[in-house]
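Please read the structure below before turning to the comments.
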Amino acid sequence: MKLLSTLALACAAFALAAPAQAQFQKPEDAIKYRQSALSVMGTHFGRVGAMVNGRVPFDAKVAADNVDIVAAMAKLPWAGFGAGTEGGKAKPEIWKEQAKFKESSDNLQAETIKLVAAAKTGNLDTLKAAFGATAGTCKACHDAFQNK
Ligand code: ASC
Numbered sequence: 001m002k003l004l005s006t007l008a009l010a011c012a013a014f015a016l017a018a019p020a021q022a023q024f025q026k027p028e029d030a031i032k033y034r035q036s037a038l039s040v041m042g043t044h045f046g047r048v049g050a051m052v053n054g055r056v057p058f059d060a061k062v063a064a065d066n067v068d069i070v071a072a073m074a075k076l077p078w079a080g081f082g083a084g085t086e087g088g089k090a091k092p093e094i095w096k097e098q099a100k101f102k103e104s105s106d107n108l109q110a111e112t113i114k115l116v117a118a119a120k121t122g123n124l125d126t127l128k129a130a131f132g133a134t135a136g137t138c139k140a141c142h143d144a145f146q147n148k
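In the working numbering, the protein residues as written are 1 to 148.
Spelled out as structure tokens, the structure:
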């Protein structure tokens, strides 16, 4: 029993210490994971965009629910860009300019936190401004790090 719990603790410690890419069995799994998170994020950001751009009526509750998902998704893709996971639409610069890439992902996450706060106000103009700022971080990162 003591041996088992020691083993369990050792496994847990290893899992916590393991680098992010070790969470994926194959590079393709990491690529699929980051593309999936970005795709879900884009879907829900797009639903907010439709309201912000007047293509669908503004509904504050729907907007708030969607930006919550955007903010949650914004945390995820980065673990899927570990060493040896080059591919997809990712430019090699991601691995050559890691500090800049990290800064880009941090910018997005910071803006999505503001976006969540903006959606909670229920004010469309406030939401519009935060949506634009968030979209700016998407674009900046795509311009620098995504092959078209
Ligand atoms: C979106 C989406 C993106 C960003 C980007 C902003 O809705 O899917 O990748 O906005 O187009 O420029």
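All C-beta atoms in this analysis are idealised placements derived from N, C-alpha and C, irrespective of residue type, glycine included.
Which residue comes first and which comes last in the alpha helix (DSSP H) that contains F45? P27 to V52
When you measure from the CB of A72 to every non-hydrogen atom of the ligand ASC, does any distance come out below 7 Å? no
From this set, V48, A99, H44 and S104, which residue's C-alpha is nearest E73's C-alpha? Looking at the sequence shown, residue 73 is not Glu but Met. Considering only alpha carbons, the answer is H44.
Got a sec? Which residues, its chain only, sit under 7 Å from E93 by beta carbon, not counting five neighbours each side? A distance below 7 Å between beta-carbons, with the five flanking residues on each side excluded, links E93 to the following residues of its chain, in chain order: A144 and F145.
Indicate whether the contact test is met: 3 or more Cβ pairs, each with one atom in the segment 31 to 51 and one in the segment 78 to 91, closer than 8 Å. yes
Compare the C-alpha of K61 against each of A129, A133 and A117 and name the closest. A117
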